[in-house]
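S.K.:
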Amino acid sequence: MSQIPPEANMQQIDLTTLTLPQLTQLKQQLDQELTIFQESLQSLKLAQNKFQNSGECLEKVTPEAEGKSILVPLTGSMYVPGKLASTKHVIIDIGTGYYAEQDIAEAKNYFKRKIAFVTEQMEKIQVIGLEKSKIRDTVAEVMEMKMQAQVAQS
Amino acid sequence: MDEVQKKIENEVISLKGTQKEYQKAISTRQQLDAQLNENKVVKEELNLLSDDRKVYKAIGPALIKMEIIEAKQNVAKRIDYINNEVKRFDDMILNLEKKQDSHREALQKLQQEKMKATIKT
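Those protein sequences? They're chains U and Y, same order as listed. Per our numbering, numbering through the first sequence is continuous, rising by one, with the last residue being 1389. Per our numbering, numbering through the second sequence is continuous, rising by one, with the last residue being 132.
1) In its own chain, which residues sit with a C-beta less than 8 angstroms from the C-beta of U:G1317, not counting the 5 before and 5 after it?
2) So, do the segment 103 to 110 of chain Y and the segment 26 to 41 of chain Y have three or more beta carbon pairs nearer to each other than 8 angstroms?
3) Does U:A1351 come out as helix, strand or coil in the three-state DSSP assignment?
4) Compute the Euclidean distance between the alpha carbons of Y:K18 and Y:L121, then round it to the nearest angstrom.
5) Please list the terminal residues of the continuous alpha helix (DSSP H) segment that includes U:P1256.
6) Could you work out which residues of chain U lie near Y:R64, taking near to mean beta carbons separated by less than 8 angstroms?
7) Straight-line CA distance for U:T1297 to Y:I80?
8) Measuring only between beta-carbons, confirm whether Y:E116 sits less than 7 angstroms from chain U.
9) Along the alpha helix (DSSP H) that carries Y:K93, what are the first and last residues, could you check?
10) Is Y:V86 near Y:L43, with beta carbons less than 7 angstroms apart?
11) Please state the DSSP three-state secondary structure of Y:E32.
12) Can you say whether Y:Q119 is buried or exposed, counting buried as having 16 or more other CB atoms within 10 angstroms of its CB?
13) Between U:S1368, U:A1335, U:E1376, U:Q1388, which lies nearest to Y:R64 when the distance is taken from Cα to Cα?
14) Can you give the Cα-Cα distance for Y:H114 and U:F1352, rounded to whole angstroms?
15) For U:A1320, does the three-state DSSP call read helix, strand or coil?
16) Just grab the DSSP bridge partners of U:V1315 for me.
17) Quick one, which residues of the segment 41 to 69 of chain Y are near chain U if we go by CB-CB under 7 angstroms, in chain order?
18) Which residue wins for smallest C-alpha separation from U:K1262, given the options U:M1378, U:V1386, U:G1290?
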């Protein structure tokens, strides 16, 4: 869950004044950044899904469900039967190894907030990613121009 | 001529070493950032809870019950520590950037020297 710091020391540079090696370096950098954005988007999507699933699970934890039998997963492929002892509280992983007991309404609220937060971050990344890919395209264009100019000269 | 070539090789080796260090510092810095964000999120969550709420800390596979005030203090301490680490790594990254630049410059000069020498012969 990394937030994006505002771009510091942004500077306007006329791309045409750069040399070909500089442009290549710049393009490589931009390509790398774009891959990172894609990866972040994917992991954010995963996180979003997880929160959504947990939130949906809470819908089933109603007072009527108390005492009903459930299967508790011990591992991914092994379960033991159990009974739902309490439907009032759930314990939520709030990060860095801390768990907090919350009642159902609070828990639902928690997941709603998390989903909103993740979605917001995804939107931010999408906007920045679009901008970066525009810059990348421009850099590629200027590179093309320079290369043609070089061919014409020789 | 041979001497210049040797110098170039040495410069390339040290430049590569610095680049490696730089990459490592950057990735640690990124990890710190992620940790800092996670801790900030936890701090916010803890602040939203009332003081009588039960909080647990996972120590290995066990959940240990904890006072919420203690948890808050721990998280605050953790954030302080990470902030210090972030500063330390920012300085380190800056230094490594400078070092890389100086290596690059030296390399460029040596390559020019070599060029001149080849033209003369």
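Every residue, glycine too, gets a C-beta built ideally from N, C-alpha and C.
M.R.: In brief:
1) Position 82 of the first sequence, counted from the first residue, corresponds to residue 1317 of chain U. So the list reads S1304, I1305, L1306, V1307, once near-sequence residues are dropped.
2) As far as the Cβ criterion goes, the segment 103 to 110 of chain Y touches the segment 26 to 41 of chain Y, which means the pair count is three or higher.
3) For the purposes of this step, residue 1351 of chain U is taken as the residue at position 116 of the first sequence. In this structure, DSSP gives U:A1351 a helical state, which the three-state scheme calls helix.
4) Taking the first residue of the second sequence as 1, we reach residue 18 of chain Y at position 7. Taking the first residue of the second sequence as 1, we reach residue 121 of chain Y at position 110. Near 7 angstroms, if we compare the C-alpha coordinates of Y:L121 and Y:K18.
5) Taking the first residue of the first sequence as position 1, residue 1256 of chain U is located at position 21. Start and end: 1255 to 1295.
6) Locating residue 64 of chain Y in the second sequence gives position 53, counting from the first residue. Neighbours of Y:R64 on chain U, chain order: A1335, E1336, Q1337.
7) As a first step, residue 1297 of chain U is located in the first sequence; it is residue number 62 there, counting from the start. As a first step, residue 80 of chain Y is located in the second sequence; it is residue number 69 there, counting from the start. Roughly 31 angstroms between the two C-alpha positions.
8) Here residue 116 of chain Y refers to the residue found at position 105 of the second sequence. Cβ-Cβ to chain U under 7 angstroms: no for Y:E116.
9) Numbered from 1 along the second sequence, position 82 holds the residue referred to as residue 93 of chain Y. It is Ile, not Lys, that sits at residue 93 of chain Y in the sequence shown. Unbroken alpha helix (DSSP H) run through Y:I93: 79 to 131.
10) One-based indexing of the second sequence puts residue 86 of chain Y at position 75. One-based indexing of the second sequence puts residue 43 of chain Y at position 32. Result no, Cβ atoms of Y:V86 and Y:L43 do not sit closer than 7 angstroms.
11) As a working note, residue 32 of chain Y is residue 21 in the second sequence. In the three-state DSSP reduction, Y:E32 falls in the helix class (H, G or I).
12) Counting from one through the second sequence, the residue named residue 119 of chain Y turns up at place 108. Classification for Y:Q119: exposed.
13) Indexing the second sequence from 1 puts residue 64 of chain Y at position 53. For the residues U:S1368, U:A1335, U:E1376, U:Q1388, the minimum Cα distance to Y:R64 belongs to U:A1335.
14) Within the second sequence, the letter at position 103 stands for residue 114 of chain Y. Within the first sequence, the letter at position 117 stands for residue 1352 of chain U. Rounded to the nearest angstrom, the two C-alpha atoms are 43 angstroms apart.
15) In the first sequence, the residue the question calls residue 1320 of chain U occupies position 85. Coil.
16) As a working mapping, residue 1315 of chain U is identified with position 80 in the first sequence. For U:V1315, which the question treats as bridged, DSSP gives the partners U:V1307.
17) Residues are counted here when their Cβ sits less than 7 angstroms from a Cβ of chain U; for the segment 41 to 69 of chain Y these are D44, A45, N48, E49, N50, V52, V53, E56, L60, R64, K65, V66, Y67, K68, A69, given in chain order.
18) Counting from 1 along the first sequence, the entry for residue 1262 of chain U is found at position 27. Selection U:M1378, U:V1386, U:G1290 evaluated against U:K1262 yields U:M1378 as nearest (Cα-Cα).
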